[in-house]
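So in UniProt numbering, spot 253 of the sequence shown is number 253, and the numbers just go up one at a time.
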Amino acid sequence: MKRLAKWRLISLFAMLALVLSGCGKPYLSALNPAGEVADTQYDLMKLSTYIMVGVILVVVVIFVLVFVRFRRKDEKIPKQVEGSHRLEIIWTTIPILLLLILAVPTVASTFKLADVSPMDKKNTKALIVNVRSHLYWWDFEYPGQKIVTSQELVVPTNEKVYFNLKSMDVKHSFWIPAVGGKIDTNTDNANKFWLEFDDKRANEAGNLFYGKCAELCGPSHALMDFKVKAMSRDKFDAWVSAMQDVKEPQKATTASAVKGQEIFNQSCIGCHAVTPANKMPDTARVAPNLTNFGDRSRVAGILDHNKEELKNWIKNPETYKPGNMMTGKYGNLTDDQIDAVADYLMGLKVQE
1 MKRLAKWRLI
11 SLFAMLALVL
21 SGCGKPYLSA
31 LNPAGEVADT
41 QYDLMKLSTY
51 IMVGVILVVV
61 VIFVLVFVRF
71 RRKDEKIPKQ
81 VEGSHRLEII
91 WTTIPILLLL
101 ILAVPTVAST
111 FKLADVSPMD
121 KKNTKALIVN
131 VRSHLYWWDF
141 EYPGQKIVTS
151 QELVVPTNEK
161 VYFNLKSMDV
171 KHSFWIPAVG
181 GKIDTNTDNA
191 NKFWLEFDDK
201 RANEAGNLFY
211 GKCAELCGPS
221 HALMDFKVKA
231 MSRDKFDAWV
241 SAMQDVKEPQ
251 KATTASAVKG
261 QEIFNQSCIG
271 CHAVTPANKM
281 PDTARVAPNL
291 TNFGDRSRVA
301 GILDHNKEEL
311 KNWIKNPETY
321 KPGNMMTGKY
331 GNLTDDQIDA
341 VADYLMGLKV
351 QE
């Protein structure tokens, strides 16, 4: 009875795992590709799956036929086939052909997806984004546009976007499941690759994709998310212009926000920048850039973007991201002071 109960429990967990494996959001699924890289990787996944399933079916059919047709009925020893040149050729040739069918498109795609030569050309017109990973947030620099932002990657659709990736602390991994990836961000060298964001799929996803860290990096690894805003080239150019127009910290417009800006300048400006210009080395960026914080869709990459969640984050970031570098650095602010700072940050917008 105990063994029966144990097997029932194992069967239940197996069924739950099968059901839950199908749960998820379209913008987080690698099986719902939204770009050229994702399409290529998805096609390779399907090809390898078809080959594996085909091999399994052939083996099962042969097994059943042999089991039924050649089951032992008497003591007579059946004809022995070891040393058959025909069989040896068949079961050697077929695996080689299957490997070639899988290897040729895989190798061709590997070289295609690894081609980042346009970003290395002098005076290139390619859009390049320098990605810098930190515990537990992301930094995005657009060297050609001379702007920096954090936590939300903004990209144009239907064109290649080239990425130059590096880590500022420990190994992380940059991954946008619906669009392609993933690739490690290392501390000692920069990795490069490119992605293309499909306009139609971006519209279906509400122009918002989710990115994640795919390398175990600490207690808040699962919470190291970032958002990707994919938009037409015209809208992207408008966003770049709006960011470039911010030459100095935006001034607060309400009494509460003015008070919050004063507190921010006393307690937070040492880590957080509120202008997008790249005026500091990578190693000097110790906290996310907040220039367009009011335009974002998440607080700390994981919380709903509203004033209450922002206040909760400022009050106790350790509750939401254990091990994060902000914990204990913002000072002992009162509830009124936190409320004022939240008003100021929510007003940092570059686009209406």
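The beta carbon of each residue, even a glycine, is placed where N, CA and C say it ideally should be. Note that the structure is predicted; figures quoted are calculated from it, not measured.
Taking the alpha carbon of Met346 as the point to measure from, which residue in Ala238, Ile314, Ala242 has its own alpha carbon closest?
It is Ile314.
Pull up the DSSP beta-bridge partners for Arg132, would you.
Bridge partners of Arg132: Asp139, Lys166.
Within the chosen definition, does the region 149-162 reach the region 229-237 through at least 3 CB pairs nearer than 8 Å?
The region 149-162, when compared against the region 229-237, does touch it at the 8 Å Cβ threshold.
Spatial neighbours of Asn292 within its chain, please: C-beta separation below 6 Å, excluding the five flanking residues on both sides.
Contacts found: Val350.
Should Arg285 be labelled buried (16 or more other beta-carbon atoms within 10 Å of its own) or exposed?
When all chains shown are included, Arg285 counts as buried.
Can the beta-carbon of Arg233 be found closer than 8 Å to that of Glu141?
Not closer than 8 Å, so no.
How is the beta strand (DSSP E) around Lys230 delimited, first residue to last?
Just to set this straight, residue 230 is Ala in the shown sequence, not Lys. From DSSP, the beta strand (DSSP E) with Ala230 extends over 225-231.
Which residues in the same chain have their Cβ closer than 6 Å to the Cβ of Asp343, if we skip the five residues on either side of it in sequence?
Excluding residues within five positions, the ones whose Cβ falls inside 6 Å are Ser256, Ala257, Gly260.
Pull up the distance between the alpha-carbon of Gln41 and that of His272, whole angstroms please.
Using only the alpha carbons, I get a separation of about 38 Å.
Taking C-beta to C-beta, are Glu196 and Val37 nearer than 8 Å?
Cβ distance < 8 Å, so Glu196 and Val37 count as in contact.
Take every Cβ of the region 293-311, pair it with every Cβ of the region 159-173, and state whether three or more of those distances are shorter than 8 Å.
Cβ pair count under 8 Å is below three, so no.
When DSSP labels each residue in this structure, what does Asp335 get in the three-state scheme?
Residue state, collapsed to three classes: helix.
Thr149 by DSSP, collapsed to three states: which one?
Strand.
Does the count of Cβ pairs from the region 117-130 and the region 87-96 closer than 8 Å reach three?
Counting Cβ pairs under 8 Å, fewer than three are found: no touch.
Bridge partners of Lys212, per DSSP?
Trp175, Asp225, per the DSSP bridge assignment.
Mind checking which residues open and close the alpha helix (DSSP H) that includes Lys46?
Where Lys46 is concerned, the enclosing alpha helix (DSSP H) stretches over 36-69.
Report the residue ranges of all alpha helix (DSSP H) runs contained in full by the region 273-319; include only those spanning at least 4 residues, in chain order.
You should have 307-315.
Nearest-angstrom Cα distance between Leu47 and Ser109?
So the two alpha carbons sit approximately 13 Å from each other.
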